[in-house]
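Here the working numbering is used: the first residue of the sequence shown is 5, the next is one more, and so on. Note that beta-carbon positions come from the ideal geometry of N, C-alpha and C, so glycine has one too. One structure is given below, encoded as structure tokens.
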Amino acid sequence: MRKSLTIAMDGPAGSGKSTVARQIAEKMGYLFLNSGAMYRAVALLAVSANVTCTDVEKLIELAHGCRIDFADNGKITLLNGEDVTDQIHTPEIDIAVAEIARIPEVRKAMVKQQRRIGKDGGIVVEGRDVTTVVFPDAEVKFYLDASVQERAKRRFLELQAKKITCTIEQIELEIRTRDEKDLSRAHSPLRTADDAIVVDTTDKTLNQVVEIIIKQIEAQS
Ligand code: DC
């Protein structure tokens with residue numbers, strides 16, 4: 005396998021992209037880039053500064069003025085040097101981020117940072133537009149999907165483990181709302197790239213998905 009491949013994965017919330025992409029990166033000795041964490045970091049800046057989702061000018065300023073990095077191969081998200089990993093994965097940020105990610109200038113700032121991190125290849129990157137907009141020339145592309153019910157179940161278990169109180173119905177509704185926003189936004193909506201391999205993870209274990217993906221990467225490189 006060549007060392008400098010760019011492997012890109014898109015898919016809806018809860019499709020398993022982050023876990024799968026991280027494992028693939030670890031197996032291949034590649035960098036792992038979670039592009040959603042970048043949008044989440046901007047949402048955290050906004051929420052912390054009481055900037056509302058309608059204050060577009062201020063949000064653009066925040067997005068252009070921050071630096072986002074990753075440590076421990078993507079496990080830790082650093083916002084202007086500070087570890088914000090736990091703070092960006094809360095129900096409050098889930099809601100704010102979908103609004104903020106709609107703003108074209110915010111996306112422009114994030115794409116610039118994603119390309120900075122991925123400029124030398126040797127990376128597994130995941131998100132909503134990484135196969136279509138950010139790295140359209142990625143050598144191997146995947147679109148991971150799963151049923152809404154399965155995605156809600158995964159998210160529910162994740163939140164339960166963090167002792168965050170919620171119901172599965174609430175999570176399912178939130179996932180449907182986020183899907184709607186990701187799919188319908190005017191700029192860089194979530195879509196399947198023509199050259200992406202579609203993997204439905206609904207009835208598959210993590211190991212099965214990782215195995216399918218590794219086989220495809222080997223076949224294509
Ligand atoms: O993958 P995630 O749930 O952590 O993503 C958080 C939000 O960011 C989600 O609302 C979609 C958005 N996002 C995006 O618009 N483009 C990306 N490349 C990654 C995430």
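In this structure, D204 has its CB at a distance of at least 8 Å from all heavy atoms of ligand 1.
Residues of the same chain with a CB within less than 7 Å of the CB of A12, apart from the 5 flanking positions on each side, are V129, V134, T135, F139, A142, K145 in chain order. Its chain contains I107, E109, V110, A113 as the residues whose beta carbon lies nearer than 8 Å to that of I64, once the 5 sequence neighbours on both sides are disregarded; these appear in chain order.
For F160, the enclosing alpha helix (DSSP H) stretches over residues 152–165. For S8, the shortest separation between its Cβ and any heavy atom of ligand 1 does not lie below 8 Å. D149 has its CB no nearer than 8 Å to any heavy atom of ligand 1. Secondary structure note for V129: its beta strand (DSSP E) is the uninterrupted segment 127–131. Here the alpha carbons of Q220 and K208 stand approximately 16 Å from one another.
Annotation: G69 to E103 spans about 19 Å, alpha carbon to alpha carbon. Rounded to the nearest angstrom, the Cβ distance from Q27 to V214 is 5 Å, consistent with a contact under 8 Å.
Here the alpha carbons of D14 and A25 stand approximately 10 Å from one another.
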